[in-house]
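K.L.:
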Amino acid sequence: MLRDAVYARLREEILGCRLTPGEELREQELAARFEVSKQPVREALLRLERERLITVLPRQGYRVNPISLADARDIFRFREVMEPACAADAARHAGDAALKDLDAFRVFEAGQGDFIRYNRAFHVAVAMCSPHRRMREEVANLVAQADRLVLVSIGTMQGRDPDVLVTEHAAIIDALQARNGRQAARLLKEHIADAEKRVMAALSRHAVVF
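First residue of the sequence shown: 1220, per the numbering used here; consecutive thereafter.
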């Protein structure tokens, strides 16, 4: 449906910071850009408002929500609960082939922008090994929202070699393939907690954060 396509495009642009925090949006301009009527645009924007990605400005339009330090902290804390739970379930229930497919994330060779996509794909892939659909979907959403935080927090990769992060991914994969759910959950929680520290420190210095 048109509204779903418009929603998906706008959501990706917000999370990818192509629509920047604080940027104002107009239904008419978006309708012209996507070559649709205002109705699917309005429905997509209201859906994004429910996800707290935009705010409705009465008689003015819409605004992409700035980054909130409180929301950023909530996203990471929620990930620290959900992702280790998915990993523990994956170690117990995932098929051998699904866990073997995680070997694709043992190596990374690209620039920083590509690393963000690689990192998202790794975390989502681990979650997808869980048998619980709602948990998988929630993790995918949380990881996507965390990417926006990383993109806004300029320099967040400074002081941390991507090779170290890939090594941490490999250790998590080792634990999963060994069916050691407790170890996988512990390593993943520590991995996310370290990311939270780096991102929160960078966000606290950024102008578009409140």
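Beta carbons are placed, not taken as given, at the ideal position from N, Cα and C, and that holds for glycine.
Could you please give the first and the last residue of the uninterrupted beta strand (DSSP E) stretch that includes G1516?
P.N.:
Nothing in the structure corresponds to residue 1516, since the chain is present only between 1220 and 1429.
K.L.:
Shortest alpha-carbon distance to R1298 belongs to which of A1414, R1237, L1229?
P.N.:
A1414
K.L.:
Decide if T1375 is buried, meaning its Cβ has at least 16 other Cβ atoms within 10 Å, or exposed.
P.N.:
With a pLDDT of only 49 at T1375, under the threshold of 50, the placement of this residue in the model should not be trusted; the figure read from the coordinates follows. Looking at its Cβ environment, which holds 16 or more other Cβ atoms inside 10 Å, T1375 is buried.
K.L.:
Output needed for L1234: all residues of its chain with C-beta closer than 7 Å, excluding positions within five of it in sequence on either side, in chain order.
P.N.:
A1363, Q1364, D1366, R1367
K.L.:
At 4 residues or longer, and completely inside the segment 1296 to 1321: list those alpha helix (DSSP H) runs for me, N to C.
P.N.:
If one requires a minimum length of 4 residues, the alpha helix (DSSP H) runs lying completely within the segment 1296 to 1321 are 1315 to 1320, in chain order.
K.L.:
Go ahead and label E1248 buried or exposed: buried means 16 or more other beta carbons lie within 10 angstroms of its beta carbon, across all protein chains shown.
P.N.:
exposed
K.L.:
Once DSSP output is grouped into helix, strand and coil, what is the label at T1386?
P.N.:
Helix, per DSSP.
K.L.:
If we count Cβ pairs, one from each stretch, closer than 8 Å, do we get three or more for the segment 1288 to 1295 versus the segment 1246 to 1265?
P.N.:
Fewer than three pairs of CB atoms, one per stretch, sit closer than 8 Å, so the segment 1288 to 1295 makes no contact with the segment 1246 to 1265.
K.L.:
Just the Cα atoms here: how many angstroms apart are C1348 and A1317?
P.N.:
7 Å
K.L.:
Please report the straight-line C-alpha distance between T1274 and L1221, rounded to a whole angstrom.
P.N.:
22 Å
K.L.:
Rounding to the nearest angstrom, what Cα-Cα distance links V1225 and A1289 in this structure?
P.N.:
28 Å
K.L.:
Quick check on the burial criterion: 16 or more other C-beta atoms within 10 angstroms. Buried or exposed for R1237?
P.N.:
Counting other Cβ atoms within 10 Å of its Cβ, R1237 stays below 16 and is therefore classed as exposed.
K.L.:
Using the beta-carbon count (16 or more within 10 Å), is R1400 buried or exposed?
P.N.:
It should be noted that the sequence gives Gly, not Arg, for residue 1400. Buried, since its Cβ has 16 or more Cβ neighbours within 10 Å.
K.L.:
Indicate whether Y1337 and A1329 have their beta-carbon atoms separated by less than 8 Å.
P.N.:
Annotated as proximal: Y1337 and A1329, with beta-carbon spacing under 8 Å.
K.L.:
Over what stretch of residues does the beta strand (DSSP E) that includes I1273 continue unbroken?
P.N.:
1273 to 1276
K.L.:
Would you please state the rounded distance, in angstroms, between the beta carbons of I1392 and R1325? I believe it to be under 8 Å.
P.N.:
6 Å
K.L.:
Report, in whole angstroms, the separation of the C-beta atoms of L1406 and A1397, which I expect to be a contact under 8 Å.
P.N.:
L1406 to A1397, Cβ: 12 Å. No contact.
K.L.:
How is E1356 classed by DSSP in three states: helix, strand or coil?
P.N.:
helix
K.L.:
Going by beta-carbon coordinates alone, are P1285 and P1240 separated by less than 8 Å?
P.N.:
yes
K.L.:
Assign L1244 to one of three DSSP states: helix, strand, or coil.
P.N.:
strand
K.L.:
Note down the Cα distance separating E1409 from E1262, rounded to an integer number of angstroms.
P.N.:
39 Å
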